[in-house]
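In the numbering used here, the protein residues as written are 51 to 330.
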């Protein structure tokens, strides 16, 4: 039997074909990613003579979270992918919910990153002083030990700005630097969306550099389209209703409406830690 053909790089194959591979392919566990707080398994998936690397997070391996009692984290990961696709920005790798070797879980395409870029090193930095410098946006002062502080900054990058809008929509409670995956083709992907879609404001992120600034024209157009997609009976809304609660879905609609009404990037609420810890 000939060896399966490897899946081409993202953008070369149609998204529907990737989803079919992830949903219907045979999963083979290769190893475990031990740095993760929940069970995360590196797998290969093979279907129709094509194979690819992927991540499989079984629901059985999730650590219960007191403030996310409904559904499971895997469903929220899939919901984040669906909203990302609805924006047209393609910021979240293809993600499906399916059965696997250890039961139901989310399966997501593995994104290969070159070297240190796997942690988004060129997108985040600590700098001395209180000025971010050209091409960077300030986030907060960070304690770096021995009584010293440094300014945490992120790149003034349109890809990150899009992600900041997506995170505001899905109410991401854990946007860390290690969740940013710049791909060799110049695209930026974001992973780990298990703590999203809470009905209360839980936004915690390193991407506060645009807080209070006007949304771009592109973002407003995307949000208007997303609002239509979230309308009762629309395909996106119907699919999300299978993954998150009715209260959470209503909160998504409210957040999109609020962004459109104010026309600005959200600012920290002051009622919840604004920056995740650890930040990477």
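Beta carbons: idealized from backbone N, C-alpha and C, even for Gly.
Fair warning: this is a prediction, and the values are worked out from it, not measured in the lab.
Counting C-beta neighbours from all protein chains within 10 Å, is the total for residue 187 16 or more, i.e. buried, or is it exposed?
On the chain shown, position 137 is the one that residue 187 refers to. So residue 187 counts as buried.
Note down, in chain order, each residue of its chain lying with its Cβ closer than 8 Å to the Cβ of residue 332, except the 5 sequence neighbours on either side.
Only positions 51 to 330 of the chain appear in the structure, and residue 332 is not among them; the question remains open.
Whole-angstrom distance between residue 315 and residue 223, CA atom to CA atom
For the purposes of this step, residue 223 is identified with residue 173 of the chain shown, where counting begins at 1. For the purposes of this step, residue 315 is identified with residue 265 of the chain shown, where counting begins at 1. Computed Cα separation, rounded: 16 Å.
Using 8 Å for Cβ pairs, my map puts residue 253 next to residue 240. What's the rounded Cβ distance?
Residue numbering aside, residue 253 sits at position 203 when the chain shown is read from its first letter. Residue numbering aside, residue 240 sits at position 190 when the chain shown is read from its first letter. Not quite, the Cβ-Cβ distance comes to about 14 Å (not below 8 Å), so this is no contact.
Does DSSP put residue 131 in a helix, in a strand, or in coil?
Against the chain shown, residue 131 aligns to sequence position 81. Three-state DSSP puts residue 131 in a helix.
The alpha helix (DSSP H) with residue 279 in it runs from where to where?
Residue numbering aside, residue 279 sits at position 229 when the chain shown is read from its first letter. Where residue 279 is concerned, the enclosing alpha helix (DSSP H) stretches over 267–279.
State the Cα-Cα distance for the pair residue 269 and residue 293, rounded to the nearest angstrom.
If you number the chain shown from 1, residue 269 lands on position 219. If you number the chain shown from 1, residue 293 lands on position 243. If you take the alpha carbons of residue 269 and residue 293, they lie about 25 Å apart.
Taking contact to mean 3 or more Cβ pairs, one atom from each stretch, closer than 8 Å, check whether the region 70–79 and the region 92–109 are in contact.
Short answer: they touch.
Mark residue 83 as exposed unless 16 or more other C-beta atoms lie within 10 angstroms of its C-beta, in which case mark it buried.
By one-based count along the chain shown, residue 83 stands at place 33. Flag for residue 83 reads exposed.
Let me know if residue 130 comes out buried or exposed under the rule of 16 or more other beta-carbons within 10 Å of its beta-carbon.
Within the chain shown, the letter at position 80 stands for residue 130. Buried is the call here.
Beta-bridge pairing of residue 314 - partner residues as DSSP gives them:
Along the chain shown, read from residue 1 onward, the residue named residue 314 stands at position 264. DSSP, once it has assigned bridges, lists 264 as partnering residue 314.
Contact between the region 137–152 and the region 118–128 is defined here as three or more beta-carbon pairs at a separation below 8 Å; is this criterion met?
yes
Could I get the ranges of all uninterrupted beta strand (DSSP E) runs contained in the region 211–257, with 3 residues as the minimum, in chain order?
230–232, 238–240
Quick one: any contact between the region 259–275 and the region 298–310, if contact means 3 or more CB pairs under 8 Å?
yes
Return no unless some Cβ of chain C is closer than 8 Å to the Cβ of residue 214.
Protein chains in the displayed structure number just one, and chain C is not present.
Is the region 177–185 in contact with the region 149–168, if contact means three or more CB pairs nearer than 8 Å?
Segments in contact, no.
Please list the terminal residues of the continuous alpha helix (DSSP H) segment that includes residue 290.
As a position in the chain shown, residue 290 is number 240, starting the count at 1. Residue 290 -> alpha helix (DSSP H) spans 285–291.
Coil, strand or helix - residue 193 by DSSP
Here residue 193 corresponds to residue number 143 of the chain shown, with the count starting at 1. Correct three-state label for residue 193: strand.
Integer-rounded CB distance, given that residue 216 should sit under 8 Å from residue 105:
Taking the first residue of the chain shown as position 1, residue 105 is located at position 55. Taking the first residue of the chain shown as position 1, residue 216 is located at position 166. Rounded, the Cβ-Cβ distance is 19 Å, inconsistent with contact.
How would you write the range of the beta strand (DSSP E) that residue 177 sits in, first residue to last?
If you number the chain shown from 1, residue 177 lands on position 127. For residue 177, the enclosing beta strand (DSSP E) starts and ends at 174–177.
Whose C-beta lies closer than 8 Å to the C-beta of residue 313 among residues of the same chain, with five residues either side of it excluded?
Residue numbering aside, residue 313 sits at position 263 when the chain shown is read from its first letter. Excluding positions up to five away in sequence, the list reads 264, 265, 270.
For residue 106, write down the residues that DSSP places opposite it in a beta bridge.
Here residue 106 is taken as the residue at index 56 of the chain shown, counted from 1. According to DSSP, residue 106 bridges with 91, 157.
Beta-carbon proximity of residue 153 to residue 90, cut-off 8 Å:
Numbered from 1 along the chain shown, position 103 holds the residue referred to as residue 153. Numbered from 1 along the chain shown, position 40 holds the residue referred to as residue 90. The Cβ atoms of residue 153 and residue 90 do not sit closer than 8 Å to each other.
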